[in-house]
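Here's the structure, in structure tokens; my notes come after.
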Amino acid sequence: MREYQGRTARLVRPILAELAFEQKPEHLFITCVDSRVVPNIITASGPGDLFINRNVGNLVPGFGSRTPDDSVAATVEYAIEVLGIRTITVCGHSNCGAMAALLAGGAEVAHLRGLTRWLRHGTQSLARFLASEPGEGDESPLARLCQINVMQQLDNLRSYPWLRARVEAGELELVGLYLDLETANVRVLDPAAGVFVPVPGEAPGGARTTGRPG
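Residue numbers for the sequence shown follow the numbering used here, so the first one is 305 and each next one is one higher.
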């Protein structure tokens with residue numbers, strides 16, 4: 305806090321003063337609680353830009369889920385109905401502990417009752433993973449599950465009739481992102497192909513290509 309007060313507070317004071325009584329984010333960002341994932345860094349954003357929901361495994365309980373939980377739905381409702389947000393991103397990451405627990409059958413976290421109940425919202429992702437064919441390349445089963453989980457959570461968002469109607473009407477965009485921790489690279493989901501691809505305008509190694517806008 306001393307570091308913040310001494311160096312950073314004066315830099316963000318103007319924007320925070322402007323937003324002190326009203327926030328105007330344009331983006332709902334749903335991601336994992338993992339400490340290695342820092343939304344404002346990977347999106348090059350600052351105060352007031354992102355409305356963020358963080359939970360174990362970046363999960364979105366589906367509409368009518370057998371394990372009731374309104375925490376994510378409440379965030380989504382507020383973002384859309386009150387803040388007027390028109391873009392929702394689900395961001396997963398490699399080496400996710402929640403996905404590792406699902407892949408291992410949940411035995412290692414069975415003594416954690418709250419976590420065990422929460423991870424039930426990930427069973428659809430696991431079933432989708434088990435039904436899928438191994439992809440090309442050398443990606444591990446865990447990496448595949450982490451990516452499939454992002455796709456499933458986007459489908460879970462669409463399971464809410466009022467939200468799906470907005471997507472179909474072109475009033476709301478859903479985006480999937482995947483952060484590879486080892487390379488620090490972010491990839492975006494190509495919905496048509498069902499794969500994560502480099503961010504447009506970026507070279508394979510992460511450097512920006514020339515002659516193209518960001």
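Think of the CB as a built atom: it goes at the ideal place given N, C-alpha and C, for glycine as much as any other residue. As the structure is a prediction and not an experimental result, all values here were calculated from the model.
What are the boundary residues of the beta strand (DSSP E) that residue i is part of?
i: T427; result: Note, T427: premise wrong, no beta strand (DSSP E); alpha helix (DSSP H) at T427 to A435.
i: R358; result: L354 to N359
i: V471; result: Here V471 belongs to no beta strand (DSSP E); instead the alpha helix (DSSP H) covers P465 to E472.
i: R524; result: As shown, the chain starts at 305 and ends at 518. That puts residue 524 outside it, with no answer to give.
i: V316; result: Per DSSP, V316 belongs to no beta strand (DSSP E); it is in the alpha helix (DSSP H), A313 to L323.
i: N489; result: N489 to D494
Could you give the DSSP three-state label for residue i: helix, strand or coil?
i: R516; result: At R516 the pLDDT is 38, less than 50, meaning the model places this residue with poor confidence and gives no usable figure here.
i: L419; result: helix
i: V479; result: strand
Quick one: using the 10 Å Cβ neighbour count with 16 as the cut-off for buried, is residue i buried or exposed?
i: T253; result: In the structure as shown, the chain starts at 305 and stops at 518, and residue 253 therefore has no counterpart that could be examined.
i: D338; result: buried
i: H415; result: exposed
i: N453; result: buried
i: Q451; result: buried
Going by the CB atoms, is the gap between residue j and residue i shorter than 8 Å?
i: V360; j: L419; result: yes
i: L423; j: L406; result: yes
i: T487; j: C395; result: no
i: L315; j: S398; result: no
i: L461; j: I392; result: yes
For residue i and residue j, what's the separation of their Cα atoms in angstroms?
i: F355; j: A377; result: 14 Å
i: D459; j: Q309; result: 42 Å
i: L446; j: A404; result: 6 Å
i: L493; j: E475; result: 19 Å
i: V499; j: E412; result: 30 Å
Considering just the uninterrupted stretch of the alpha helix (DSSP H) at residue i, what are its terminal residues?
i: I384; result: No alpha helix (DSSP H) holds I384; DSSP gives it neither H nor E.
i: C450; result: P445 to R462
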